[in-house]
Amino acid sequence: MPQSQTINDDDIQAIGHDPFHQQENPTFQQTPQPLKRNNTRHRPFYPSTIRIIFGHIISLFIFLIRQLFRSNNLPFLLTFIWHSFSLNRLLFSSRKYLIRYTIKNNKRDISHAIAADVVKRLGGINSSLALLALLALTRFSKDMSAQKVSLLVLATANATQTWLDFKSWKNGRWNWSFLTESGGGNGTIALVNMVAYGVSVVKTRSIL
């Protein structure tokens, strides 16, 4: 019995070293281990939703800028709307205007009544600027020289008002809402008119 057991063990070892037997029984072959770098799967790149929305916003902004300065009608319309709005606040609601935008310590000052009269005068100036923008929009639509003069006057007036709004806020008698609403509106309209004037100068190759 021990001898047969030894023979059987030798046979098993011989079979394990037999190349033909390894081909017939592939289970004895060592399976190669896959490389780790082959298991890494690259995820496809897709742009995020925020990036897509941001790209559409930029494209829309560029399109609006091109349409805005293709003609001077929209700058004149925006200027007319702004000065009409300022006219209503300055001329017909001067006291509410001062209460809203001045510092509280100055509300009961004696000069407050005088300031209301000055604000009304500013409303009259805004009425003339609104009329100029309306005339340029309706009567000077085909006269590029008149449009350039109107844009230059309106840009100068709004830029001056923006500077005065900043100085008034800096002296401490007007609050932050005055600077953001009045100064911001005048600054925006001044910038629109300046760009429209520059585009008109490039088109006609003349300043006036």
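Take -11 as the starting number for the sequence shown in this note's numbering and just add one per residue. Cβ coordinates follow ideal geometry from the N, Cα and C atoms, glycine included.
Taking a cut-off of 8 Å on C-beta distances, the region 59 to 78 touches the region 105 to 118, as three or more cross pairs fall below it.
Within the model, the alpha-carbon separation for Gly186 versus Leu62 is close to 15 Å. As DSSP reads the structure, Thr90 sits in a beta bridge with Trp162. Taking the C-beta atoms as reference points, Leu52 is found no nearer than 8 Å to Leu125.
Between Ala121 and Phe68, the gap from beta carbon to beta carbon is short of 8 Å. Excluding sequence positions up to five before and after Gln135, its CB lies within less than 7 Å of the CB of Asn60, Ala124, Phe128, Ser188, all in the same chain and listed in chain order. A straight-line Cα-Cα distance of about 40 Å links Gly160 and Arg54. Every unbroken stretch of the alpha helix (DSSP H) spanning 4 or more residues and falling wholly within the region 114 to 182 is given here in chain order: 132 to 158. Taking a C-beta distance under 8 Å as the contact criterion, Tyr85 and Asn163 do not qualify as a contact pair.
Rounded to the nearest whole angstrom, the C-alpha separation of Val106 and Gly171 is 17 Å. Around the CB of Leu139, 16 or more other CB atoms lie within 10 Å, so the residue is classed as buried.
Taking each of Val137, Thr144, Ile102, Asn174 in turn and checking the Cα distance to Asp153, the smallest one comes out for Asn174.
By the CB criterion at 8 Å, His71 and Ala118 fall inside the cutoff. With respect to the 8 Å criterion, Leu196 and Val137 are classified as neighbours on the basis of their beta carbons.
CA-CA distance, Ser115 to Phe73, rounds to 10 Å. Here the alpha carbon of Leu167 sits roughly 21 Å from the alpha carbon of Met182. Short of 8 Å from the beta carbon of Met132, and not among the five residues preceding or following it, lie these beta carbons of its own chain, in chain order: Ser188, Lys191, Thr192. Ranked by Cα distance from Thr176, the first of Trp157, Asn146, Ile40, Arg39 is Asn146. The three-state reading of DSSP puts Asn60 in coil, since its state is none of H, G, I, E or B. In the three-state reduction of the DSSP assignment, Leu48 falls in the helix class.
Just so you know, the alpha carbons of Ile46 and Ile102 end up roughly 48 Å apart.
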